[in-house]
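S.K.: After the structure tokens below, expect a handful of questions from me.
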């Protein structure tokens, strides 16, 4: 029995699997370790109930450098006797999407990331840089762009009125939540369902496609073989806006491979085959 954890900024999906069979699934609040450190994980582990497992595979947003050791120590203390492996959410995406084949793996969820994968390890990774400096195509950036369009009066009266009726936010509210609130990336990404609902509006769709085009231009196209290797995606944004993503890929000269809302099924398959 092993435990696979896919930790993103919005949620952590904990999966208990026996071979390729999912025995239990628990969802808790997400963490981006580069923004919060490891303390939130300690609080989650105090209440997590998944039974006894032989191995733990934990993949986390912001799990890099010394944070990996801190997370491993926490998990080893919580799951005494279990083998513990800690890696980035980017490696989770690569393993889930590409298995043991070469390809380009991308994450488009609350945040964004990408890598070139040789079937075993990540061989190149263009830094995502977060929603202020980068994260093109992410839920946070789509939400940020949507808010800009609303308050800069760049949307139709119909879409603007629908937004105001739904959220009732002032510019001051948005500034406070974005610059002084907790989990600003999650706040910005929370507008993705509204964007999806109004994707039929030409201005909204153009914004989404242009953000995806920037993702390809600034990230994917930097990898050797981007024009011949499949470009695979996981994450809610990739799954919910797959048509716009395919349009942007075509314009960039790339071929879309697998698109999944979550890497969980691919990770179960990957680890059951080890």
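In the working numbering, the protein residues as written are 7 to 280.
Don't be surprised by glycine CBs; every beta carbon is placed ideally from N, CA and C.
How long is the line joining the alpha carbons of residue 127 and residue 214, rounded to whole angstroms?
M.R.: Residue mapping note: residue 127 aligns to position 121 of the chain shown, counting from 1. Residue mapping note: residue 214 aligns to position 208 of the chain shown, counting from 1. Their backbone Cα atoms lie some 31 Å apart in a straight line.
S.K.: With a Cβ-Cβ cutoff of 8 Å, do residue 118 and residue 99 count as a contact?
M.R.: Numbered from its first residue, the chain shown carries residue 118 at position 112. Numbered from its first residue, the chain shown carries residue 99 at position 93. No. Outside cutoff.
S.K.: Contact check, residue 109 vs residue 238 under 8 Å by CB: the rounded distance?
M.R.: The residue labelled residue 109 in the question sits at position 103 within the chain shown. The residue labelled residue 238 in the question sits at position 232 within the chain shown. At roughly 6 Å, the Cβ-Cβ gap stays under 8 Å, so residue 109 and residue 238 are in contact.
S.K.: Counting only the same chain and skipping the five closest in sequence on each side, list residues whose C-beta sits under 6 Å from that of residue 68.
M.R.: In the chain shown, residue 68 corresponds to position 62, counting from 1. Taken in chain order, the residues that qualify are 38, 39 and 40.
S.K.: How long is the line joining the alpha carbons of residue 89 and residue 272, rounded to whole angstroms?
M.R.: In the chain shown, the residue the question calls residue 89 occupies position 83. In the chain shown, the residue the question calls residue 272 occupies position 266. So the alpha carbons of these two residues sit roughly 20 Å apart.
S.K.: Assess contact between the segment 193-208 and the segment 69-79, defined as three or more Cβ pairs (one per stretch) separated by less than 8 Å. Is contact present?
M.R.: Contact between the segment 193-208 and the segment 69-79 is absent, because fewer than three Cβ pairs lie under 8 Å.
S.K.: On the DSSP letters alone, give me the boundaries of the beta strand (DSSP E) that residue 270 sits inside.
M.R.: Translated into the one-based positions of the chain shown, residue 270 becomes position 264. Taken as a continuous stretch (DSSP letters only), residue 270 belongs to no beta strand (DSSP E), being part of the alpha helix (DSSP H) at 270-278.
S.K.: Does the separation of the CB atoms of residue 65 and residue 24 fall below 8 Å?
M.R.: Residue mapping note: residue 65 aligns to position 59 of the chain shown, counting from 1. Residue mapping note: residue 24 aligns to position 18 of the chain shown, counting from 1. It is not a contact, given that the beta carbons lie outside the stated cut-off.
S.K.: By how many angstroms is the C-alpha of residue 36 removed from the C-alpha of residue 189?
M.R.: The count along the chain shown starts at 1 and reaches residue 189 at position 183. The count along the chain shown starts at 1 and reaches residue 36 at position 30. If you take the alpha carbons of residue 189 and residue 36, they lie about 10 Å apart.
S.K.: Using a 10 Å radius around the Cβ and a threshold of 16 neighbouring Cβ atoms, would you call residue 55 buried or exposed?
M.R.: One-based indexing of the chain shown puts residue 55 at position 49. So residue 55 counts as exposed.
S.K.: Can you tell me which of the three DSSP states residue 94 falls into?
M.R.: For the purposes of this step, residue 94 is identified with residue 88 of the chain shown, where counting begins at 1. It is a strand residue.
S.K.: Exposed or buried, residue 226, counting other C-beta atoms within 10 Å across all chains shown (16 or more means buried)?
M.R.: Taking the chain shown and counting its residues from 1, the one referred to as residue 226 is at position 220. Buried, by the Cβ-count rule.
S.K.: Whether or not the segment 136-145 and the segment 215-222 are in contact is what I'm after, with contact meaning three or more pairs of Cβ atoms, one per stretch, closer than 8 Å; do they touch?
M.R.: yes
S.K.: Whose CA, out of 192, 268 and 155, lies closest to the CA of residue 177?
M.R.: Taking the first residue of the chain shown as 1, we reach residue 177 at position 171. Among 192, 268 and 155, the Cα nearest to that of residue 177 belongs to 155.
S.K.: Are at least three pairs of beta-carbons, each pair with one atom in the segment 120-140 and one in the segment 258-272, less than 8 Å apart?
M.R.: no
S.K.: Taking DSSP's pairing of strands, which residues face residue 9 in a bridge?
M.R.: As a working note, residue 9 is residue 3 in the chain shown. In DSSP, residue 9 forms a bridge with 22 and 62.
S.K.: Consult DSSP for residue 220 and reduce its assignment to one of helix, strand or coil.
M.R.: Locating residue 220 in the chain shown gives position 214, where the first residue counts as 1. Note: residue 220 maps to helix in three-state DSSP.
S.K.: Which residues in the same chain as residue 34 place their Cβ atom closer than 6 Å to its Cβ, once the five residues preceding and following it in sequence are excluded?
M.R.: Translated into the one-based positions of the chain shown, residue 34 becomes position 28. Here the set comprises 18 and 50.
S.K.: For residue 116, collect the residues of the same chain with a Cβ closer than 7 Å to its Cβ; drop the 5 residues on either side in sequence, then sort them by chain order.
M.R.: Sequence index remark: in the chain shown, residue 116 carries index 110 (1-based). Contacts found: 14, 15, 16, 144, 145, 146, 191, 192 and 195.
S.K.: What does DSSP give as the partner residue(s) for residue 285 in the beta ladder?
M.R.: The chain is shown from 7 up to 280; residue 285 falls before or after that span and cannot be answered.
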